[in-house]
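Undergrad:
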Amino acid sequence: DCESLEEITIPKSVSIIGERAFANCPIKNIVIPEKVDTIGEAAFSCLPISKIELPKNLKFLGGSAFDGCDNLKEIYCPCELIENLSEFMSNMHDGVNHVIDLYVPNNLYDAYLEIEMEHQMEHQGLPFPQRFNIHKYDF
Numbered sequence: 003d004c005e006s007l008e009e010i011t012i013p014k015s016v017s018i019i020g021e022r023a024f025a026n027c028p029i030k031n032i033v034i035p036e037k038v039d040t041i042g043e044a045a046f047s048c049l050p051i052s053k054i055e056l057p058k059n060l061k062f063l064g065g066s067a068f069d070g071c072d073n074l075k076e077i078y079c080p081c082e083l084i085e086n087l088s089e090f091m092s093n094m095h096d097g098v099n100h101v102i103d104l105y106v107p108n109n110l111y112d113a114y115l116e117i118e119m120e121h122q123m124e125h126q127g128l129p130f131p132q133r134f135n136i137h138k139y140d141f
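Read in order, the letters of the sequence shown are residues 3 to 141 in the working numbering.
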């Protein structure tokens, strides 16, 4: 039961956040420890968060992770060891119907930008061709 839970700091010992772990909770602020390397499907769906900082060691982000997070404006993503960056980016935006400011490490900016540009070219004429405004960030 999480009806009154507005803020949470996940313990440093946690490495996996399971499917729908915090879905539909009124959490406005969440702190994820660096040890987390897996976030399950729809783990944060329908939260009223406006910003989230993903952990540096994150390797897997399940689909619809932020589905229905209508207030989400910023994602800080220091992750560097992502195997399928295109799928990771799709999962980050799956179920979100607005453009998000995505902050990424300086050395990965071009890779993120290239994938976003390819997505926009493939989805021209559709309601939401742009998913992210990508920014360099010094983590």
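Heads up, the beta-carbon is just placed ideally off N, CA and C, and yes, glycines get one too.
#1: Pick helix, strand or coil for residue 117, following the three-state DSSP scheme.
#2: CA-CA distance, residue 19 and residue 92?
#3: Alpha carbon to alpha carbon, what distance is there between residue 76 and residue 185?
#4: With a threshold of 8 Å on Cβ separation, who are the neighbours of residue 125 within its own chain once the five nearest residues in sequence on each side are excluded?
#5: Report, in whole angstroms, the separation of the C-beta atoms of residue 107 and residue 73, which I expect to be a contact under 8 Å.
#6: What is the DSSP secondary structure of residue 128, counted as helix, strand or coil?
#7: Would you give the residue range spanned by the alpha helix (DSSP H) that residue 24 belongs to?
#8: Secondary structure at residue 68, three-state DSSP: helix, strand or coil?
#9: Would residue 60 be called buried (16 or more neighbouring beta carbons within 10 Å of its own) or exposed?
#10: For residue 95, which residues from the same chain have a beta carbon less than 6 Å from its beta carbon, with the 5 sequence-adjacent residues on both sides left out?
#11: How far does the beta strand (DSSP E) with residue 56 in it reach, from first residue to last?
#12: Would you list, in sequence order, the uninterrupted beta strand (DSSP E) runs of no fewer than 3 residues that lie entirely inside the region 28 to 53?
#13: Here's the rule I'm using: 16 or more other beta-carbon atoms within 10 Å means buried, otherwise exposed. How should residue 15 be labelled?
TA: The answer reads as follows:
#1: Along the sequence shown, read from residue 1 onward, the residue named residue 117 stands at position 115. In this structure, residue 117 counts as helix in the three-state DSSP scheme.
#2: Within the sequence shown, residue 19 is the residue found at index 17, counting from 1. Within the sequence shown, residue 92 is the residue found at index 90, counting from 1. Residue 19 and residue 92: Cα-Cα distance of roughly 19 Å.
#3: This structure leaves residue 185 out entirely; the chain is present only between 3 and 141.
#4: Residue mapping note: residue 125 aligns to position 123 of the sequence shown, counting from 1. So the qualifying residues of the chain are 131.
#5: As a working mapping, residue 107 is identified with position 105 in the sequence shown. As a working mapping, residue 73 is identified with position 71 in the sequence shown. The Cβ separation is near 25 Å, so there is no contact.
#6: The residue labelled residue 128 in the question sits at position 126 within the sequence shown. Three-state result, residue 128: coil.
#7: The count along the sequence shown starts at 1 and reaches residue 24 at position 22. Taken as a continuous stretch (DSSP letters only), residue 24 belongs to no alpha helix (DSSP H), as it is neither H nor E.
#8: Numbered from 1 along the sequence shown, position 66 holds the residue referred to as residue 68. In the structure shown, residue 68 sits in coil (DSSP, three-state: anything other than H, G, I, E or B).
#9: In the sequence shown, residue 60 corresponds to position 58, counting from 1. That one is buried.
#10: Indexing the sequence shown from 1 puts residue 95 at position 93. Excluding sequence neighbours, residue 95 sits near 133.
#11: What you label residue 56 is simply residue 54 of the sequence shown in a count that begins at 1. Element bounds for residue 56: n/a, residue is neither H nor E.
#12: 31 to 33
#13: By one-based count along the sequence shown, residue 15 stands at place 13. Residue 15 should be labelled exposed.
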